[in-house]
Amino acid sequence: MSRFFARSDSESEESSSDDEITDKAPGATFKQSLLLSDDEEDTKRVVRSAKDKRFEELTNLIKTIRNAMKIRDMSKCLEEFEQLCRAFLKSKNIVDKEGIPPFYIRLLADLEDYLNQLWEDKEGKKKMNKNNAKALSTLRQKIRKYNRDFESEIAAYKENPQESADEEEEEKEPEDSGSSSDSEGEVSSKSFLKKKPEAPSEATKFLKTAKGSGDKSSSSDEDDDDGDWSPSDSDSSSETSDKEEENALKRKRLVTFLKVKRAEDTEKPGVRKEERKKKPKQKEQIEEEAEEEGGEEAGGGWEKVKGGVPLVKEKPKMFAKGTEINTAVVVKKLNEILQARGKKGTDRAAQIELFHALAAIAAENNLGQGILVKIKFNIIASLYDYNPNLAAFMKPDMWKKCLDCIDELLDILFEHNNIFIGENIAEDSENLAVSDQPFRVRGCILTLVERMDEEFTKIMQNTDPHSQEYVDNLKDEGRVCGIVDRLLTYLENKGSTEEICRVYLRRIMHTYYKFDYKAHRRSLGLQGETKSEQDQEESKEESEGEDSAVIMDRLCKFIYAKDRTDRIRTCAILCHIYHHALHSRWYQARDLMLMSHLQDNIQHADPPVQILYNRTMVQLGICAFRQGMIKDAHNALLDIQSSGRAKELLGQGLLMRNMQERNAEQEKIEKRRQVPFHMHINLELLECVYLVSAMLLEIPYMAAHEFDARRRMISKQFHHQLRVGERQPLLGPPESMREHVVAASKAMKMGDWRTCHSFIINEKMNSKVWDLFPEIQRVREMLVRKIQEESLRTYLFTYSSVYDSISMATLSEMFELEMPTVHSIISKMIINEELMASLDQPTQTVMMHRTEPTSLQNMALKLAEKLGNLVENNERVSDLKQGIYGGYFNRDQKGGYQQKQSYQRDQKSYQQKQSGYQRGGYRNQNQGNY
């Protein structure tokens, strides 16, 4: 024990660590950490931030990926890349604050270049096994798709890769210096670095000497290790420490040149795998020790390790030097670029840049506007092809480029009248040269604008409607409508009738759902004589623009007269009806709907047209409600609301309960049909209008037919809401819109119109529903009037049996209605035989008529009741008999069959008994006779 504690703590730790590294296997470095004391473990505990932990996880995965890249293990690369993507997604919050780390961008760029290099190396691909080849194809597709989100960062890195690498080193150095000691699990930026090789002459010289002295150094190390346990170590501690330092320096130098040699050997193609794997165990131990101990000292001589050789992609040269640039050469180059369009592996962004470069060359050499128009057509088409997936929408930068390019194309077409474009122009008959004027170019500007309009709809569908981004994207609608208007002006002069109808429909689709506030103000007569100067200026500006009603009327009537396709005409009619209903032109909208007969065959139309039809019917019903036509409003909204799928039928979302009925592909198709959020109809307003209309119709009907067994339901949904309200064990003040309507219905049933009015019109209902109408006060007045009238009818139905006579003046005071109104309501009820009464004109009194049935009538009623009971009993008996014989009403077929078999057996035995009785009787009779 005295020999064991002879040396100091520092010396014993150093010697023990050397002994373990040299004598044991390479995995002994892990056991070394278990031999540390508790004090040393406490000092090595470092509190790290969330950023350091996340970035450490990323760097560990990146190191594994780079190691797999070195040995061309594509399966491992794919597995680790998927883990890296998940880890990066977890650290999204930190990345949003700190920015995307440069080492992450560098890995993405290097990995993509490395995979492209492997993909182009056909001989290397043949040598791969099946798993690696499959993993290479999968990983290549994933990295290309994943790198689209980091195009700008990767491009910046590729332009100046050294700068981004230096930035990362500057970020990593203070982190390394700030920590007192790193644990074995921490991975710093130095794990991606290797030492720069020194001059090859010195390396070869030292390697020659190192080969001969390797055994000696190992034997000397063993002698030193044996001597560490001798008693003389306490006397010569300084000598051993000097020797250990010298040995450590030798090992570090040796490791440096061994690394250089191994790197050079791996680069030689003729070296076999077995020779590369053969390494002495001692050299592996020395390398691990040098990497752990000597990493900080050699920090100045490190360089970055990149996964594979990066491919520097040079921009392809458009034309060789000295080439005469003319129209034929440019068209040939254009066709070469177009040949790569749509092929797998084509860089779409680079293709767009080539088109732009070709257009610039054509403009510089004054090749004419014909070739420029043809290039513009291909640029816009390539922008649309940038996203191969139909469900994907254009990115903001591509969207801006598309709008700019279409504007430029329209500018050229308006400035030069000698350019003729069309789909019917063959490529062989195109005139693109300056000498061959007028220019003839194959292409359809209408198709490009229609696709642009569809892309705008896709952008709005895939944007969060409650974000500022949606508002910013919606601002582009003005520009889209401007492009459609310019195209409309162009086609009116040069387009065919079919093209004009198509572009008119596009203009209609951007107009029909918008409320024209300027026309509404003018209709209300706000432009009076006594107005301020500012109001007069605003009125002048408003009067300058054309009313949307005039625009819709002009465009739709042209389509009605000229269109040859049913679909465009149907869409135009529905949009025209919607626009009329939105602006409270009820009679025009109703007449146009009835004349079109669309409700007869709309079920055969395609889903987008059916959605437009549903939206039109809903808007028609809301318009009727605003005009006070409650029955028409209820009939228009009945089909949509009774289905319980209003959200889905109006194209405003998918119901979760129907998710099991559709697969993923159907769900994608239905999502593409959804209407953008700014075109939605308020579903709560729609339901409220329907329930209030049903209340005004259903409550008087229920009071009139309270004891009628054959009473029918006008609205099932309204009755459902009433039943839900009755089931509640505790009735509190109403909170939701439905509860307000149910509470108002109960009050109207009792004839209390004031309570009903307070439930329908209050601050909460105003904010949710009624304030959303353009004419708020008019709608409220109409509602109050309807509630008073229907409450009066309900009161007379409910309490007519109580009164012998009632004064109309009293009724007028109770319901705050004018005498003529009360008189007309009661007269209609008497004429329709709803109320058994008569009017006494001199006294303004309603005389109730109650007729008691006579004795004969009472007997007839009793007879009818007994006959009904008899018929019911007979039907029940017949049902039971059919059940015994296994008929339709017997659901258990097996049991019915068994019962039938037993019945047949009983019948057979009964017949046998009967025959036996007859034979026995016959014998007895004969015996008696004898």
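Each residue of the sequence shown is one higher than the one before, starting from 3 at the first, in the working numbering. The C-beta atom is built at its ideal place from N, Cα and C for all residues, glycine as well.
Residue i versus the options, residue with shortest Cα-Cα distance
i    : options                   : result
C446 : Q439, P440 and M454       : M454
R795 : Q723, Q371 and G753       : G753
T325 : N367, G347 and F357       : N367
C144 : K128, I102, L80 and K129  : Here residue 144 is Lys; the residue named in the question, Cys, does not match the sequence. With distances taken between Cα atoms, K144 lies closest to L80.
K335 : L652, A351, L356 and K323 : L356
R142 : N162, F105, E84 and K94   : E84
I510 : A551, A351 and N495       : A551
Y580 : H636, L412, D518 and P609 : D518
D549 : Y386, K520, I575 and L652 : K520
I377 : V332, N684 and R488       : V332
S760 : T847, E82, V49 and E741   : E741
R587 : H468, S769, T856 and H522 : H522
K403 : L434, E457, P609 and F422 : E457
K718 : G734, H825, L699 and K346 : L699
I107 : L86, D608 and K99         : L86
E122 : H721, T329, F379 and G347 : G347
K496 : L415, F720 and Y515       : L415
P678 : Q668, Q654 and N665       : Q654
N131 : E153, S829, D75 and F152  : D75
L507 : I683, L493 and C558       : C558
L448 : A428, T499, K864 and N433 : T499
Cβ neighbours of residue i in the same chain (closer than 8 Å, five flanking residues each side left out)
i    : result
Q353 : I339, A342, R343 and S384
V744 : Q723, L724, V726, G727 and P736
L476 : M462 and H680
S77  : N133, N134 and A137
V97  : F90 and P103
Proximity of residue i and residue j at Cβ, strictly below 8 Å
i    : j    : result
I778 : V694 : no
M767 : M739 : yes
I561 : I570 : yes
N426 : Q439 : no
L374 : R481 : no
I701 : M750 : yes
M838 : D806 : no
L412 : L489 : yes
H585 : L594 : no
V486 : V505 : yes
Own chain, CB closer than 7 Å to residue i, minus 5 neighbours either side, in chain order
i    : result
G126 : L120
L450 : I382 and I408
N149 : L110, E114 and I156
L785 : I762 and I763
E43  : Residue placement at E43 is poorly supported in this model, since its pLDDT is 45, which falls under 50; the coordinates are not used for a value here.
T757 : A749
S598 : I575
F627 : A635, V691 and S695
L614 : C573 and L576
R713 : H707
T140 : L80
T513 : S550, I553 and M554
T66  : E82
Residue i versus residue j: straight-line alpha-carbon distance, rounded
i    : j    : result
T845 : S809 : 8 Å
M71  : L109 : 11 Å
S51  : A158 : 29 Å
S437 : H418 : 15 Å
R647 : T459 : 23 Å
G29  : K397 : Any reading at G29 is ruled out, since the residue's pLDDT is 41, under 50, leaving its predicted position unreliable.
Y703 : T465 : 47 Å
S39  : S93  : Residue confidence is low: S39 scores 42 on pLDDT, short of 50, so the model does not pin down where it sits. Its coordinate-derived value is still stated next. Approximately 35 Å, taken between the alpha carbons.
L882 : L872 : 16 Å
N616 : K516 : 17 Å
T800 : F775 : 34 Å
Close beta carbons around residue i, own chain, < 6 Å, minus the five adjacent residues each side
i    : result
D478 : none
A393 : K670
Inset, instruction - Indicate whether the contact test is met: 3 or more Cβ pairs, each with one atom in the stretch 639–650 and one in the stretch 595–611, closer than 8 Å. - result: no
Legend entry - Stretch-stretch touch, CB-based, cutoff 8 Å, three pairs: the stretch 683–692 with the stretch 620–635: yes
Legend entry - Validate contact between the stretch 790–804 and the stretch 819–830 using beta carbons, cut 8 Å, 3 pairs: yes
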